[in-house]
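One structure is given here, and the rest of the page talks about it.
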Amino acid sequence: MLWVDKYRPRTLDKVIVHEEIAGNIRKLVSEQDCPHLLFYGPPGSGKKTLIMALLKQMFGPGSEKVKLENKMWKINAGTRTIELELTMLSSTHHVELNPSDAGFQDRYIVQEIIKEMARNRPIDTKGKKGYKVLVLNEVDKLSREAQHSLRRTMEKYSASCRLILCCNSSSKVTEAVRSRCLNIRVNAPTEEQIIKVLEFIGKKENLQLPPGFTARIAAQSNRSLRRAILSLETCRVQQYPFTANQAVPPMDWEQYISEIASDIIMEQSPKRLFMVRGKLYELLVNCIPPEIILKKLLSELLKKLDSELKHEVCHWAAYYEHRMRLGQKAIFHIEAFVAKFMSIYKGFLIATFS
Amino acid sequence: MAPVAPSSQPWVEKYRPKQVKDVAHQDEVVRVLTNTLETSNCPHMLFYGPPGTGKTTTALAIAHQLYGPEMYKSRVLELNASDDRGINVVRTKIKDFAAVAVGSGSRQGGYPCPPYKIIILDEADSMTEDAQNALRRTMETYSKVTRFFFICNYISRIIEPLASRCAKFRFKPLSEEIMSNRILHICKAEGLTLDSEALSTLSSISQGDLRRAITYLQSAARLFGSTISTKDLISVSGVIPQDVVQSLFMACKSGDFDVADKEVSNIIAEGYPVSQMLSQLLEVIVNADKISDEQKARICKKLGESDKCLIDGADEYLQLMDVACHAMRALCNMPEELHFS
Ligand SMILES: Nc1ncnc2c1ncn2[C@@H]1O[C@H](COP(=O)(O)OP(=O)(O)OP(=O)(O)O)[C@@H](O)[C@H]1O
Ligand SMILES: Nc1ncnc2c1ncn2[C@@H]1O[C@H](COP(=O)(O)OP(=O)(O)OP(=O)(O)O)[C@@H](O)[C@H]1O
Ligand SMILES: [Mg+2]
Ligand SMILES: [Mg+2]
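If you're matching them up, the sequences are chains H and Y in order. Position 187 (the first sequence) corresponds to 187 in the working numbering; numbering is contiguous. Position 269 (the second sequence) corresponds to 1269 in the working numbering; numbering is contiguous.
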């Protein structure tokens, strides 16, 4: 098992960071009338961990007996029947799924599953909860229609079914849905907190950690706890015992983007643009999300720029990322950004040096 | 749905008014509907207005009061955005329900039971235009035996031919005073104490949305016990602390790109919603005294554009950076675009 999973705290009182949130959640579920919840925060900040611990707090160890199934849904949509396949994780008390996996048909998933769950309401025996919990991941990726579908459902079935929504950016969740939940912000842990977790793991694994080593990993982690733990494990595999100045290797795709940035700074020409496009394709076929590519590329380029250009370049990155959302093919927009950058940068070089 | 013990319902449901007369602040519609209860006359209705102002509550209450629990099932069809309401459903399900004849109007079990059915189309703004068009005929053909209640947030999404057939009621955001009354009522029922400062904070952060106010209140009660302070409410509401907004503003004023970048990165890592940040930033900028109107205008224009981009699903970090860059340029009197001489 990877360390990220092995050392994921299982209960609310075992968490190392977010102790306050964990304490709050415990109080929230102490009564039966807890509202719907929306967890939001950056990647790797610990949302999933809190949700799993919360389920355990609600239902006891039963919530950990989960089975993974690929369920086929046949949905009657007037003239035709839509067939959708969706992976879901369920225990007797809860169901977890990623409705946005159904793409533009996500609305049907939301509509069908919640209703089915509401129908199969667990019987209230031995003081067990009389409701089920539905965990929906990545709700920020749900289409507008699907989010609209959630609204009244959340009210209508609130007695039999509690929703726990999870997402990275709550700006993308409609106001109407947010107003129906208690919003819980899960901030990215600070570097000190990350160090604490790394040292905890180091102790459990009996590692000798040279001074400053965990601090360097934390500094490179971009405040993502998951990433920091993964890095530590990678370092462990690469070389142990650790040495004081052992390098913390960057992710290879990040390395690759940093090379692309150098390519762009070195030469601005159609030929170079063509070459860069090949490299961008390479990243995309390896499933690096396009907005991540664009953001990383921006940050690498900014490192090499004078401050008067930075504002301008930043603006165009935002501009093309927005267009990318509206468009269909990410490559066009990333490439357009690179072309725009080349033209600005070349203009600047000519104005400055001739 | 089986009846449930009230204790397992969140407060928003627990305190949903069951009778039209208990709906607060929407006097006009309450008056018309009270009249309906007496005379059994009812036009088609269109309720519109922001979230949490009582639209669904009112529609359900009147339907229950007209028919009572016995007849409700056979006389009322409630469809919302979670039901498929494509054009096919309009042509079949809705039409079939609308076409059913009903007996003459006679009181049953103490309820008026007027001689028509009600179709409630909640969240009607998410119906396609085609589906709405298909409704026109149905509405006209069966208007003798069926009344339609449309409910939506945005009236502009309802096609004109439908809207013009209805009596329209705008549900206003609840005033702070009304909101406070309602909250105090709940506090009393739940045994909570709320000082006057906390009460006015709660009314103002919920911005006229009573559902939100009740959710905050319940959350705060669970988290902080039965005595609730302003601070507790702020912390459950997701409002961004003022010093975070201020330090972004100061960073923009400094004109130093790297300082601003650091602030923005921190805001993203802390998980503050950028849409919320934009509205709080707007407040700071509009009220700032040391910047000119032109500078304010430049920044506000950008705030609007970015808000739209966020709704389109654009990246939060990039949008906030873009806003910060524009603000820096405006505040430090740099030109809006870069030109090389
Ligand atoms: N409170 C905590 N205390 C200690 N370790 C934690 C805590 N929360 C998370 N972790 C560690 O960080 C890892 C990542 O957390 P988690 O999977 O919960 O992130 P997430 O917010 O769901 O991320 P994403 O949005 O990318 O899905 C976990 O596998 C666990 O090892
Ligand atoms: N005018 C009001 N009087 C009393 N309670 C209200 C009023 N408006 C809202 N509420 C409270 O807020 C909750 C939500 O109200 P309701 O469902 O009617 O909102 P809505 O206008 O339909 O909102 P949306 O547009 O989001 O569907 C109710 O359960 C009730 O507790
Ligand atoms: Mg996760
Ligand atoms: Mg409603």
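Ideal Cβ positions, reconstructed from N, Cα and C, are used throughout, including at glycine. Note that the structure is predicted; figures quoted are calculated from it, not measured.
Fill in: Cβ distance (whole Å) where H93 (chain H) is taken to contact L134 (chain H) below 8 Å
Mapped onto the first sequence, residue 93 (chain H) falls at position 93. Mapped onto the first sequence, residue 134 (chain H) falls at position 134. No, H93 (chain H) and L134 (chain H) are not in contact; Cβ-Cβ is about 11 Å, not under 8 Å.
Worksheet item: Should E1123 (chain Y) be counted as a contact of ligand 4 given a C-beta to heavy atom distance under 8 Å?
Response: Position 123 of the second sequence, counted from the start, is the residue given in the question as residue 1123 (chain Y). The answer is yes for E1123 (chain Y).
Fill in: Segment limits, alpha helix (DSSP H) that includes R1091 (chain Y)
In the second sequence, counting from the first residue as 1, residue 1091 (chain Y) sits at position 91. Premise fails: R1091 (chain Y) is in no alpha helix (DSSP H) and is neither H nor E.
Practice prompt. Taking only heavy atoms of ligand 2 into account, decide whether any of them is closer than 8 Å to the Cβ of R1031 (chain Y).
Written response: Looking up residue 1031 (chain Y) in the second sequence gives position 31. For ligand 2, not one heavy atom lies less than 8 Å from the Cβ of R1031 (chain Y).
Worksheet item: Any Cβ of chain H within less than 9 Å of the Cβ of K1262 (chain Y)?
Response: If you number the second sequence from 1, residue 1262 (chain Y) lands on position 262. K1262 (chain Y) does not count as touching chain H.
Item to complete: Could you check how far apart the C-beta atoms of G278 (chain H) and V186 (chain H) are, in whole angstroms? I think they sit under 8 Å.
Response: Within the first sequence, numbered from 1, the residue matching residue 278 (chain H) stands at position 278. Within the first sequence, numbered from 1, the residue matching residue 186 (chain H) stands at position 186. That belief does not hold up - the Cβ atoms of G278 (chain H) and V186 (chain H) are roughly 39 Å apart, past 8 Å.
Worksheet item: With respect to 8 Å, is the separation between the Cβ of V248 (chain H) and the closest non-hydrogen atom of ligand 1 below this value?
Response: Numbered from 1 along the first sequence, position 248 holds the residue referred to as residue 248 (chain H). No - ligand 1 has no heavy atom lying nearer than 8 Å to the Cβ of V248 (chain H).
Worksheet item: ligand 1 heavy atoms versus the CB of A1269 (chain Y): any closer than 8 Å?
Response: Sequence index remark: in the second sequence, residue 1269 (chain Y) carries index 269 (1-based). False, no ligand heavy atom lies under 8 Å from that Cβ.
Discussion item. I'd like to know if the region 187–206 of chain H and the region 2–22 of chain H are in contact, where contact means that at least 3 CB-CB pairs between them fall below 8 Å.
Written reply: yes
Worksheet entry | Which of helix, strand or coil DSSP assigns to Y1142 (chain Y) | The residue you call residue 1142 (chain Y) lines up with position 142 of the second sequence. DSSP places Y1142 (chain Y) in coil when its eight states are reduced to three.
Discussion item. Just to check my reading of the structure: Q1026 (chain Y) and G1054 (chain Y) have Cβ atoms closer than 8 Å, yes? What is that Cβ distance to the nearest angstrom?
Written reply: If you number the second sequence from 1, residue 1026 (chain Y) lands on position 26. If you number the second sequence from 1, residue 1054 (chain Y) lands on position 54. Confirmed, about 6 Å.
Worksheet entry | Interface residues of chain A facing S1008 (chain Y) [CB-CB closer than 7 Å] | Absence of chain A from the displayed structure is noted, the protein chains being H and Y.
Worksheet item: Taking the Cβ atom as the reference point for each residue, do I1205 (chain Y) and L1233 (chain Y) lie within a distance shorter than 9 Å?
Response: Reading the second sequence from its first residue, position 205 is the one you call residue 1205 (chain Y). Reading the second sequence from its first residue, position 233 is the one you call residue 1233 (chain Y). Cβ atoms of I1205 (chain Y) and L1233 (chain Y): closer than 9 Å.
Discussion item. Closest to R272 (chain H) by C-alpha separation, out of H:S343, H:A102 and H:I350, would be which residue?
Written reply: Start at 1 with the first residue of the first sequence, and residue 272 (chain H) comes out as number 272. Measuring from the Cα of R272 (chain H), the nearest candidate turns out to be H:S343.
Fill in: Within chain H, partners of C1187 (chain Y) - CB distance below 9 Å
In the second sequence, the residue the question calls residue 1187 (chain Y) occupies position 187. The premise fails here: C1187 (chain Y) is roughly 16 Å from chain H at the closest Cβ pair, so nothing lies under 9 Å.
Fill in: Reduced DSSP secondary structure (H/G/I, E/B, other) of V338 (chain H)
To locate residue 338 (chain H), count along the first sequence from 1; it is residue 338. V338 (chain H) falls in the helix class under three-state DSSP.
Practice prompt. Using the Cα positions of L1046 (chain Y) and V276 (chain H), report the straight-line distance between them to the nearest angstrom.
Written response: Within the second sequence, residue 1046 (chain Y) is the residue found at index 46, counting from 1. Within the first sequence, residue 276 (chain H) is the residue found at index 276, counting from 1. Roughly 56 Å separates the two Cα atoms.
Worksheet entry | For Q1276 (chain Y) and S1247 (chain Y), the rounded distance between their alpha carbons | Position 247 of the second sequence, counted from the first residue, corresponds to residue 1247 (chain Y). Position 276 of the second sequence, counted from the first residue, corresponds to residue 1276 (chain Y). Taking the straight line joining both Cα atoms gives about 16 Å.
Fill in: Pair within 9 Å by beta-carbon distance, A261 (chain H) and L294 (chain H)
Taking the first residue of the first sequence as position 1, residue 261 (chain H) is located at position 261. Taking the first residue of the first sequence as position 1, residue 294 (chain H) is located at position 294. Cβ atoms of A261 (chain H) and L294 (chain H): not closer than 9 Å.
Discussion item. Per the DSSP calculation, F1148 (chain Y) is bridged to which residue(s)?
Written reply: Taking the second sequence and counting its residues from 1, one reaches residue 1148 (chain Y) at position 148. In DSSP, F1148 (chain Y) forms a bridge with Y:I1119.
Discussion item. Which of the three DSSP states is assigned to P1006 (chain Y) in this structure?
Written reply: Residue 1006 (chain Y) sits at position 6 when you count from the first residue of the second sequence. Because P1006 (chain Y) carries a pLDDT of 47, less than 50, the predicted location of this residue cannot be relied on, and the following value inherits that uncertainty. The answer is helix: DSSP assigns P1006 (chain Y) an H, G or I state.
Discussion item. My parser needs the alpha helix (DSSP H) runs of 4 or more residues fully inside the region 114–188 of chain H; what are they?
Written reply: 144–156 and 175–178
Worksheet entry | CB contact check: P1273 (chain Y) to chain H, cutoff 9 Å | As a position in the second sequence, residue 1273 (chain Y) is number 273, starting the count at 1. Taking Cβ atoms only, chain H reaches closer than 9 Å to P1273 (chain Y), which makes this a yes.
Item to complete: Hey, could you find the ends of the beta strand (DSSP E) K304 (chain H) is sitting in?
Response: Counting from 1 along the first sequence, the entry for residue 304 (chain H) is found at position 304. Careful: K304 (chain H) lies outside any beta strand (DSSP E) and carries neither H nor E.
Fill in: First through last residue of the beta strand (DSSP E) which encompasses M1 (chain H)
By one-based count along the first sequence, residue 1 (chain H) stands at place 1. That residue, M1 (chain H), is in no beta strand (DSSP E); it is neither H nor E in DSSP.
Discussion item. Is there a C-beta anywhere in chain Y that falls below 9 Å from the one on F348 (chain H)?
Written reply: Taking the first residue of the first sequence as 1, we reach residue 348 (chain H) at position 348. Yes - at least one Cβ of chain Y is within 9 Å of the one on F348 (chain H).
Fill in: Closer than 7 Å at the beta carbon, the chain H residues around Q1218 (chain Y)
On the second sequence, residue 1218 (chain Y) is found 218 positions in, with the first residue counted as 1. Residues of chain H passing the Cβ test: P35.
Practice prompt. Determine the chain H residues that contact Y1317 (chain Y) at a beta-carbon separation under 7 Å, and present them in chain order.
Written response: Here residue 1317 (chain Y) refers to the residue found at position 317 when the second sequence is read from its first residue. Near Y1317 (chain Y) (Cβ distances below 7 Å), the residues of chain H are K295.
Worksheet item: Cα separation between R162 (chain H) and L37 (chain H)?
Response: What you label residue 162 (chain H) is simply residue 162 of the first sequence in a count that begins at 1. What you label residue 37 (chain H) is simply residue 37 of the first sequence in a count that begins at 1. Distance between the alpha carbons of R162 (chain H) and L37 (chain H) is about 8 Å.
Practice prompt. Return the chain-ordered ranges of every alpha helix (DSSP H) run that is complete within the region 278–332 of chain H and spans a minimum of 4 residues.
Written response: 290–303 and 307–326
Worksheet entry | heavy atom of ligand 5 below 8 Å from D1022 (chain Y) C-beta | In terms of ligand content, the structure shown lacks ligand 5 and carries ligand 1, ligand 2, ligand 3 and ligand 4 instead.
Discussion item. Determine, for E1270 (chain Y), whether the minimum Cβ-Cβ distance to residues of chain H falls below 9 Å.
Written reply: Numbered from 1 along the second sequence, position 270 holds the residue referred to as residue 1270 (chain Y). Yes - at least one Cβ of chain H is within 9 Å of the one on E1270 (chain Y).
Worksheet entry | Enclosing beta strand (DSSP E) for I82 (chain H) [first to last residue] | Taking the first sequence and counting its residues from 1, the one referred to as residue 82 (chain H) is at position 82. Residues R80 to S90.
Item to complete: Find the residues of chain H that neighbour G1304 (chain Y), judging by a C-beta separation of less than 9 Å, and give them in chain order.
Response: On the second sequence, position 304 is the one that residue 1304 (chain Y) refers to. In chain order: nothing, as chain H lies at least about 14 Å away.
Practice prompt. Compute the Euclidean distance between the alpha carbons of C167 (chain H) and L230 (chain H), then round it to the nearest angstrom.
Written response: Here the question's residue 167 (chain H) lines up with position 167 in the first sequence. Here the question's residue 230 (chain H) lines up with position 230 in the first sequence. C-alpha separation (whole angstroms): 22 Å.
Fill in: Top-ranked residue by Cα proximity to S160 (chain H), from H:L301, H:R323, H:D33 and H:Q238
The count along the first sequence starts at 1 and reaches residue 160 (chain H) at position 160. That would be H:D33, whose Cα lies nearest to the Cα of S160 (chain H).
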